[in-house]
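Below is one structure, written out as structure tokens; the observations come after it.
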Amino acid sequence: MSMAALRRLLLVAYTVLVFAFIFAPIVSTIVFSFNADRFPSLPWGGFSLQWYEAIFADATIQRGLINSLIVAGVTCVIATFLGFSAAYIDYRYRFLGKSVYLALAALPPTVPVVILGVALLTFEGRVGLSGTLQGIIVGHVVLSTPFAMALVRMRLADLDPDIERAAWNLGASPWATMFGVIVPFCTPAILAAIFLTAAVSFDEFMIAWFVSGVNETLPVRVLAMLQGQVSPRINAIGAIVFGVSITLVVLAQLLLGRMSGRAARKKG
Amino acid sequence: MSEPLPAPATGPTPLKATSRRATGARFAVFWGAPPVLWQAAFFLVPLGFLVAMTFWSVKSFRLTPDATLANWTFILNAGFFRNAYVYTFWLSALTALIASVAAFPAAYTLAYKVSPATRRFMIFMLVVPFFTSYPVRIYSTQIFFSPQGIINTVLVPLGLGPLQVLNTPTGTVVGYLVLTLPLVVLLQTFALANVPRILIEAAHNLGCGRLRTIGTVIIPSARIGLIVAGTFAFVLAFGDYVAPTYLGGSRPPTLSILIADQVKSGNNWPRASVVAVMMIMTLMVVMLVMIGLAYGRRKERA
Chain A
274 MSMAALRRLL LVAYTVLVFA FIFAPIVSTI VFSFNADRFP SLPWGGFSLQ WYEAIFADAT
334 IQRGLINSLI VAGVTCVIAT FLGFSAAYID YRYRFLGKSV YLALAALPPT VPVVILGVAL
394 LTFEGRVGLS GTLQGIIVGH VVLSTPFAMA LVRMRLADLD PDIERAAWNL GASPWATMFG
454 VIVPFCTPAI LAAIFLTAAV SFDEFMIAWF VSGVNETLPV RVLAMLQGQV SPRINAIGAI
514 VFGVSITLVV LAQLLLGRMS GRAARKKG
Chain B
2 MSEPLPAPAT GPTPLKATSR RATGARFAVF WGAPPVLWQA AFFLVPLGFL VAMTFWSVKS
62 FRLTPDATLA NWTFILNAGF FRNAYVYTFW LSALTALIAS VAAFPAAYTL AYKVSPATRR
122 FMIFMLVVPF FTSYPVRIYS TQIFFSPQGI INTVLVPLGL GPLQVLNTPT GTVVGYLVLT
182 LPLVVLLQTF ALANVPRILI EAAHNLGCGR LRTIGTVIIP SARIGLIVAG TFAFVLAFGD
242 YVAPTYLGGS RPPTLSILIA DQVKSGNNWP RASVVAVMMI MTLMVVMLVM IGLAYGRRKE
302 RA
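Protein chains in written order, with this note's numbering: chain A, 274 to 541; chain B, 2 to 303.
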């Protein structure tokens, strides 16, 4: 074997090892969610759906799932609207303090969620939002809006500003241009943003943990279960959450892939 | 890109122009105001509130607005805070270093040694962990390292175990790596893929060896991305609560554990706020220093 081939083999082997470290917890969650044994160890104790039956029979988990779906469903709509608006403002206008405006819109994910959680808890306690689903939604929108903004802004970068001007010159109002030109052009990015922000909200546990009170979301329930003893039910929940989130991300990815594919074809 | 708009070519009458401008202003406010209002109301105000609360006092279990420095002097002089601060900072820095070093060969492989289609697929794969419940991943890691877990069932017969990782700082770092490694590999891959190929080929043509090319051409060219990746690892680890709690066993506690304990059971929100504000200030300083490192010398050269 030549040196180059050997080197490549070693590098690829190392990369596989890194991916194994990253994916081992995910794969084992799914595998052991179907394991009949209580303690997940080798050898595998046989196929079973009992942990799934157990979580579907558990009222607190059901409530958590429903709460999570409500929170994610509302969050994704608000966050995508706000993210779209901020991206469009960035695309269309130039004004004093724009960098501050954009920083304010984009900054929240750089603040640790534990701090956002405490800040929202103390604040929401004063305005009567803490312990409600609305209180969780408020925090999740803050956290996920920047992701929606980034996706729409990337899409708008491919739109020639002259197209909008042409529409105005032909007498279209800004509103007509918005809904006749901008929104249709951004539709794939908007849908991708809806799926992505829903996934961010659906997985978020720290803000929800601080703010939720008795209205636990599913990840908060998982956190509470982690404090107890080993339970394969956590694997079953993890597998379901994984299924939901990945479906959302794959949908977002497909839309973005179609988008960039089209842009590449246009340029090429 | 977003230049001020030229006046429409077909000049409207002055009256129309005013009403048009009014429509334009209303339009701009409709789209521009909601994001900034939302983030101001639910991000800036709560953070400001957090800062204000560090000066409040707790009188007979009730929060009272105040202007006292007692919380600051208490926390900054408390041994448990100082220990937690040093411990959290050190472990996060260590994580950033380990993640950066461990990710590099993988990012190098993805950037240069695989086909573009494989690279795209692997990049997609690296996004997957962000949308997999992180507490569940930590739970799985906990099971792996438990005394009867998979790792020890393999190691003990070989005479290498049992490995004691759970409830130690090592466990915390392993958890931090579960959190940060995917992002670091991802960012490093982007950074390396953006290094102009022509520079690398030129180095090779001039007889520069592979390792030397990495050290003198690739790493300096990709410096910004590599530093950003390491900084993100630090920021994520510094704020994480799950790994130090469930893999590190909360002993010694990290800053995020102090906050959660003070808020969830201790009910001393002003003190928790002091810890939170210290964390934010630390992260701001770290990010400024890293930005300086990333962009600093480049300006001198230019």
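Virtual Cβ for every residue (Gly too), placed ideally from N, Cα, C.
### Query
Straight-line CA distance for G226(B) to I328(A)?
43 Å
### Query
Could one say the Cβ of Q165(B) lies closer than 8 Å to chain A's Cβ atoms, at least one of them?
Chain A, which has no Cβ nearer than 8 Å to the Cβ of Q165(B), makes this no.
### Query
Which one of S301(A), K371(A), Q502(A) has the shortest CA to CA distance from R138(B)?
S301(A)
### Query
Given that a residue counts as buried once 16 or more other Cβ atoms are within 10 Å of its Cβ, and exposed if not, what is Y296(B)?
exposed
### Query
In chain order, which beta strand (DSSP E) runs of at least 3 residues are fully inside the stretch 154-186 of chain B?
none
### Query
Using the beta-carbon count (16 or more within 10 Å), is F305(A) buried or exposed?
buried
### Task
Go through its chain and collect everything with a Cβ distance to G108(B)'s Cβ below 6 Å, but skip five positions before and after it.
Looking at the sequence itself, residue 108(B) is Ala, so the reference to Gly does not match. Cβ neighbours of A108(B) beyond the five flanking positions: V186, Q189, T190, L193.
### Query
Leaving out the 5 sequence neighbours to the left and right, which residues in its chain are closer than 6 Å to L259(B) when beta-carbon positions are compared?
The answer, listed in chain order, is A85, V276.
### Query
What is the DSSP secondary structure of G541(A), reduced to helix, strand or coil?
Since pLDDT at G541(A) reaches only 41, below the 50 mark, its modelled position is unreliable, and the value read off the structure follows with that caveat. Note: G541(A) maps to coil in three-state DSSP.
#### Entry: Own chain residues within Cβ distance below 6 Å of T19(B), not counting five before or after
none
### Query
What are the boundary residues of the beta strand (DSSP E) that K60(B) is part of?
58-60
#### Entry: Under 8 Å by beta carbon: chain B residues contacting V514(A)
Ordered by position in chain B, the residues that pass the 8 Å Cβ test against V514(A) are T133, S134, V137.
### Message
On the CB-based measure, 16 or more other CB atoms within 10 Å of its CB, does W91(B) come out buried or exposed?
### Response
Under a 10 Å Cβ-count criterion, W91(B) is classified as exposed, with fewer than 16 other Cβ atoms of the shown protein chains found around its own Cβ.
### Query
Can you name the residues of chain B whose CB is closer than 9 Å to the CB of S403(A)?
What S403(A) touches in chain B: nothing, since even the nearest Cβ is about 11 Å away.
### Task
For F324(B), decide whether its Cβ has a neighbour in chain A, counting only Cβ atoms nearer than 8 Å.
This structure cannot speak to residue 324(B), because chain B is shown only from 2 to 303.
### Message
Only counting the same chain, and skipping five residues up and downstream in sequence, which positions put a Cβ closer than 6 Å to that of C459(A)?
### Response
V425, R428
### Task
Taking the CB atoms as reference points, tell me whether R494(A) and G337(A) lie closer together than 8 Å.
yes
### Task
Below 9 Å between beta carbons is the criterion; list the residues of the stretch 140-154 of chain B that meet it against any residue of chain A, in chain order.
Cβ contacts with chain A come from Y140, S141, T142, Q143, I144, F145, S147, Q149, G150, I151, T154.
### Per-residue DSSP class, three states only, for F320(A)
Looking at F320(A) - three-state DSSP - the assignment turns out to be strand.
### Query
Taking just the CA atoms, how far does W270(B) sit from M282(B)?
18 Å
### Identified DSSP bridge partners for L77(B)
DSSP lists no partner for L77(B).
### Query
In chain B, which residues lie with their C-beta within 8 Å of the C-beta of I299(A)?
V129, P130, T133, R138, S141
### Query
With which residues is N308(A) paired in a DSSP beta bridge?
Bridge partners of N308(A): F320(A).
### Query
Given a threshold of 16 other Cβ atoms within 10 Å of its Cβ, counted over all protein chains shown, does K371(A) qualify as buried or as exposed?
exposed
### Task
Could you name the residues of chain E that D476(A) contacts, counting a contact when the two beta carbons are closer than 9 Å?
Included in the structure are the protein chains A and B, with no chain E among them.
### Task
Starting from P183(B), find everything on chain A with Cβ-Cβ shorter than 8 Å and list it in chain order.
I295
### Residues of the stretch 273-292 of chain B whose Cβ lies closer than 8 Å to any Cβ of chain A, in chain order
A273, S274, A277, M280, I281, L284, M288
### Task
Give the residues of chain B in contact with Q526(A), contact being defined as C-beta atoms less than 9 Å apart.
F125, V128
#### Entry: Local conformation of L64(B) per DSSP, three classes
strand
### Query
Do three or more CB pairs link the stretch 345-359 of chain A to the stretch 29-36 of chain B at distances below 8 Å?
yes
### Query
Residue range of the alpha helix (DSSP H) that L443(A) falls in?
Where L443(A) is concerned, there is no enclosing alpha helix (DSSP H), because DSSP gives it neither an H nor an E.
### Message
Nearest by alpha-carbon distance to V517(A): which of W317(A), A439(A), L342(A) is it?
### Response
Cα-wise, what sits closest to V517(A) is L342(A).
#### Entry: Pairwise C-alpha distance: L394(A) and I339(A)
22 Å
### Task
Rounded to whole angstroms, what's the CA-CA distance from L406(A) to M479(A)? Just pull it up for me.
14 Å
### Query
Which stretch, first to last residue, makes up the alpha helix (DSSP H) that contains R138(B)?
135-146
### Query
How far does the alpha helix (DSSP H) with E397(A) in it reach, from first residue to last?
386-400
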